[in-house]
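Residue numbers (the UniProt record's numbering): 1 to 283.
Every residue, glycine too, gets a C-beta built ideally from N, C-alpha and C.
Owing to the predicted nature of the structure, the values given are computational and were not obtained by experimental measurement.
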């Protein structure tokens, strides 16, 4: 890949909370690139600096040092037009679907809001795009006048993803988007993200601590440890031959499913579906 494939460059990113002398160093000289079409996993245990990095990238935290550039243009000191382009082309999906959606707004208003902020969409275009995206994630026009409280956690996260996609971004920054969800719905949201990434040719930065999730979704990885990059490479390289001791420890901590238990669970599910089908036939 050439340099023209690089969308976001993070170079020497440093973030210290508190005073310069006694504050907590959350990020220490972190550097990585996000390339066109890539799904990059930013991984590490809690406190490694993952969420701080992504929050600096969208301006929710102000970095202490370093540079974040979009398409070769540093964001600090960028023109109004360049910042507007960045805000439109780079959108974020937050961790908690319960707190990231305004409870006072209807779902239709929530999804439409980013289009109103960036501008350039007529009322008809906004309405059509909202309906189209909602249908893509399995929610219909009849849901637009409902409020977030009327939806499950998985449905709320799908709505949050639709909101992020409403302005047609090039890059999606995802801050542990499935960690607050029940295990039963995590796969649904991951499959949705994977489908959207492929269909819309999105570039994705996916922050996570669950390495099983990362292996399923991502093409390459950056491993953070105490705010420092411990290792980077493709998913195949890091899972197949990790170089850093910290990375090996993370991989060894991934739970290995008990095959016998998984088979028993599958047999129970199949039997339950068969009983339900038989009951429906009796009626």
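Those residues which DSSP pairs with residue i across a bridge
i, result
"residue 225", "228"
"residue 69", "9 and 74"
"residue 173", "92 and 205"
"residue 308", "It is not possible to answer for residue 308, since the shown part of the chain is limited to 1 through 283."
"residue 42", "207 and 222"
"residue 24", "17"
"residue 213", "For residue 213, which the question treats as bridged, DSSP gives no partner whatsoever."
"residue 233", "221"
Straight-line gap, residue i to residue j (C-alpha atoms, nearest Å)
i, j, result
"residue 140", "residue 134", "6 Å"
"residue 107", "residue 127", "12 Å"
"residue 258", "residue 102", "A caution first: residue 258 carries a pLDDT of 44, below 50, which makes its placement in the model unreliable, though a value can still be read off. Near 41 Å, if we compare the C-alpha coordinates of residue 102 and residue 258."
"residue 13", "residue 237", "25 Å"
"residue 336", "residue 116", "Missing from the structure shown is residue 336; the chain here goes from 1 to 283 and no further."
"residue 16", "residue 144", "42 Å"
"residue 165", "residue 251", "32 Å"
"residue 92", "residue 225", "23 Å"
"residue 48", "residue 122", "43 Å"
"residue 227", "residue 30", "7 Å"
"residue 25", "residue 65", "11 Å"
"residue 261", "residue 233", "Its pLDDT being 39, under 50, residue 261 is placed unreliably by the model, and nothing is read from it."
"residue 19", "residue 51", "20 Å"
Close-in-space but distant-in-sequence residues of the same chain around residue i (CB under 8 Å, 5 per side omitted)
i, result
"residue 55", "61 and 175"
"residue 182", "153 and 154"
"residue 214", "41, 43, 206, 208, 221 and 235"
Rounded distance between the beta-carbons of residue j and residue i, thought under 8 Å
i, j, result
"residue 39", "residue 173", "Not a contact, Cβ separation roughly 12 Å."
"residue 207", "residue 219", "About 15 Å; that fails the 8 Å criterion."
"residue 43", "residue 223", "6 Å"
"residue 169", "residue 90", "6 Å"
Chain-order list of residues whose beta-carbon lies under 6 Å from that of residue i (same chain, five-residue window excluded)
i, result
"residue 202", "172"
"residue 32", "10 and 222"
"residue 186", "178"
"residue 23", "16 and 17"
Neighbourhood of residue i by C-beta distance below 7 Å, restricted to the same chain and skipping five residues each side
i, result
"residue 37", "201 and 203"
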